[in-house]
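**Student:** Protein chains in written order, with full-length UniProt numbering: chain A, 1 to 189; chain B, 1 to 189.
For each residue, glycine too, the CB sits at the ideal point set by N, CA and C.
(1) Thinking just about the alpha-carbon of each residue, which of 82/B, 142/B, 116/B is nearest to the one in residue 96/B?
(2) Determine the burial state of residue 82/A: buried for a count of at least 16 other Cβ atoms within 10 Å of its Cβ, exposed for fewer.
(3) Note down, one range per segment and in chain order, each alpha helix (DSSP H) of at least 4 residues found wholly within the UniProt domain "Nudix hydrolase" (41-169) of chain A.
(4) Going along chain B, which residues have a C-beta under 8 Å from residue 18/A?
(5) Under 8 Å: do the stretch 66-86 of chain B and the stretch 125-145 of chain A share three or more Cβ pairs, one atom per stretch?
(6) Mind checking which residues open and close the beta strand (DSSP E) that includes residue 26/A?
(7) Quick one: what's residue 186/A bridged to in DSSP?
(8) Since residue 81/A meets chain B, which of its residues come closer than 8 Å, beta carbon to beta carbon?
(9) Rounded to whole angstroms, what is the Cα-Cα separation between residue 144/A and residue 29/B?
(10) Thinking C-alpha only, which one of 25/A, 10/A, 65/A, 4/A is nearest residue 25/B?
(11) Step through the CB atoms of chain B and report whether any lies within less than 8 Å of the CB of residue 175/A.
(12) Taking 8 Å as the threshold (beta carbon to beta carbon), is residue 62/A in contact with chain B?
(13) Rounded to a whole number of angstroms, what is the C-alpha to C-alpha distance between residue 15/B and residue 40/A?
(14) Using a Cβ-Cβ distance under 8 Å, would residue 46/A count as near chain B?
(15) Output yes or no for whether 8 Å exceeds the beta carbon distance between residue 174/A and residue 153/A.
(16) If you draw a straight line from the alpha carbon of residue 90/A to that of residue 47/A, how long is it in whole angstroms?
(17) Could you check where the beta strand (DSSP E) with residue 14/B kicks off and where it finishes?
(18) When DSSP labels each residue in this structure, what does residue 3/B get in the three-state scheme?
(19) Buried or exposed: where does residue 38/A fall if 16 or more other Cβ atoms within 10 Å of its Cβ makes it buried?
(20) Based on DSSP bridge pairs, tell me the residues matched to residue 39/A.
(21) Would residue 13/B be called buried (16 or more neighbouring beta carbons within 10 Å of its own) or exposed?
(22) Measure from the alpha carbon of residue 158/B to the alpha carbon of each residue in 108/A, 117/A, 98/A, then state which is nearest.
(23) Would you report the Cα separation of residue 84/A and residue 45/A, rounded to the nearest angstrom?
(24) Residues in the stretch 89-117 of chain A with C-beta within 8 Å of chain B's C-beta atoms, listed in sequence order?
(25) With burial defined as no fewer than 16 other Cβ atoms inside 10 Å of the residue's Cβ, what is the status of residue 165/A: buried or exposed?
(26) Closest to residue 171/A by CA distance: which of 181/A, 182/A, 187/A, 150/A is it?
(27) Using beta carbons (cut-off 8 Å, strictly below), is residue 49/A in contact with chain B?
(28) Figure out for me which residue from 4/B, 17/B, 133/B, 182/B has the closest Cα to the Cα of residue 100/B.
(29) What residues from chain B crowd round residue 65/A, counting only those whose CB sits closer than 8 Å?
(30) Can residue 123/B and residue 106/B be called in contact, C-beta distance under 8 Å?
(31) Straight-line CA distance for residue 62/A to residue 33/A?
(32) Can you find a C-beta in chain B that's less than 8 Å from the C-beta of residue 189/A?
(33) Which residues in the same chain as residue 1/A place their Cβ atom closer than 7 Å to its Cβ, once the five residues preceding and following it in sequence are excluded?
(34) Kindly list, in the order they appear in chain A, the residues whose Cβ is closer than 9 Å to that of residue 164/B.
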């Protein structure tokens, strides 16, 4: 197997924003040549799949400047400095939707866009929900929306869900339902 | 319904990289207050789900500086200036894997991380593959890997696939297989 790894030779902070940093790395390629990598540093965060006692998935609608439109997404948020992952998931769920969760567990982590961003997201499943008051932060305008899991494949395949972390969370939750029902296209009886 | 939209008041280029631009917008919120948005401008691109005549999904392994490791991903790439989407998908497939596709169709588009990046990806399904020589660009080190679709749920749920666009593409392809087999956990007979 050919070695694929790159070695970072130097790293320069090109621009420091309040949330994001723009870093430029000089790397040594597997063949000894050099190349430049533009990297956005992001603190990382959580995404939550909140499932209500009525089987509904609790989602949020918010305006996304970068996409220039209102998107339907799973609740999510950035890790505060030094914050525990579970606490972060429960906090973001409460702030954005008002719900508290009696049961929460991490499914796995992934990179939203590993080609240029360090952003790593931890995906949580939240159950035993109790409704309370939404606690959005200053400058956050979020509307809660609820969908039945039956609608997931159609919403995703018709391009109605446009946010990658939300597609990941919804499709994974749908697969968990399929597995519970013992549905597998490759082992049909 | 409360209005969620923001209005951009001013937009300033904070840093221009070769690939990415760091933009800072001043926006007016729905309540009339102002806020700052840090946005990364990205040219957008394609992701391809290539399925071989042996039912295998053709994937790529490459080192990702931002993730600090080698990741298993679907072939993907950035749109060249003015390039047609289909052409881009066929070009990236050929460059990264060596395969040409007799049949290609776009499934839908999504944002990798709409909270701060304009990156929009077009997801393609590529079939009728023919094998040829890989044509990686200078400085690209990519190894081809193939997986059977049976493995998708396990690989994703165990966190073995860490790239969001790849999880999206694989889970969507698995769902297409389930639909073809008429498997639906909500309409069991």
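**Tutor:** Short version:
(1) Just measuring C-alpha positions, the residue of 82/B, 142/B, 116/B sitting nearest residue 96/B is 142/B.
(2) The residue is exposed, with fewer than 16 neighbouring Cβ atoms inside 10 Å.
(3) Segments of the alpha helix (DSSP H) lying fully in the UniProt domain "Nudix hydrolase" (41-169) of chain A: 85-97, 152-157.
(4) Chain B residues near residue 18/A: 36, 38.
(5) No, the stretch 66-86 of chain B is not in contact with the stretch 125-145 of chain A.
(6) First-last of the beta strand (DSSP E) with residue 26/A: 21-28.
(7) According to DSSP, which records beta bridges pairwise, residue 186/A is partnered with nothing at all.
(8) Near residue 81/A there are no residues of chain B at all, since even the closest Cβ is about 18 Å away, more than 8 Å.
(9) Residue 144/A and residue 29/B: Cα-Cα distance of roughly 18 Å.
(10) Selection 25/A, 10/A, 65/A, 4/A evaluated against residue 25/B yields 65/A as nearest (Cα-Cα).
(11) Answer yes: the Cβ-Cβ gap between residue 175/A and chain B drops below 8 Å somewhere.
(12) At least one chain B Cβ lies under 8 Å of residue 62/A.
(13) Using only the alpha carbons, I get a separation of about 12 Å.
(14) Not closer than 8 Å to any Cβ of chain B, the Cβ of residue 46/A fails to qualify, so no.
(15) With a cutoff of 8 Å on beta-carbon distance, residue 174/A and residue 153/A are scored as near each other.
(16) A direct Cα-Cα distance of roughly 10 Å separates residue 90/A from residue 47/A.
(17) First-last of the beta strand (DSSP E) with residue 14/B: 7-16.
(18) It is coil, neither helix nor strand.
(19) Counting the other CB atoms within 10 Å of its CB gives residue 38/A a total of 16 or more, which places it among the buried residues.
(20) Bridge partners of residue 39/A: 23/A.
(21) Exposed.
(22) Selected option, being the one with the closest Cα: 108/A.
(23) The alpha-carbon separation between residue 84/A and residue 45/A amounts to approximately 11 Å.
(24) The residues in question are 107, 108, 109, 110, 111, 112, 113, 114, 115, 116, 117.
(25) A buried status is given to residue 165/A, since no fewer than 16 other beta-carbon atoms sit within 10 Å of its beta-carbon.
(26) With distances taken between CA atoms, residue 171/A lies nearest to 150/A out of 181/A, 182/A, 187/A, 150/A.
(27) No, residue 49/A lies away from the interface with chain B (no Cβ there is under 8 Å from its Cβ).
(28) Nearest option by C-alpha distance: 133/B.
(29) Taking a Cβ-Cβ threshold of 8 Å, the residues of chain B close to residue 65/A are 6, 8, 25, 27, 37, 39, in chain order.
(30) Contact: yes.
(31) Taking the straight line joining both Cα atoms gives about 44 Å.
(32) Bear in mind that a pLDDT of 48 at residue 189/A, under 50, signals an unreliable position, so the model cannot answer this.
(33) Only weak support is given to the placement of residue 1/A: the predicted model assigns it a pLDDT of 43, under 50, and the value that follows is read from those uncertain coordinates. So the list is empty, once near-sequence residues are dropped.
(34) Within chain A, 110, 111, 112, 113, 114, 121, 164, 165, 167, 168 have C-beta atoms less than 9 Å from the C-beta of residue 164/B, given in sequence order.
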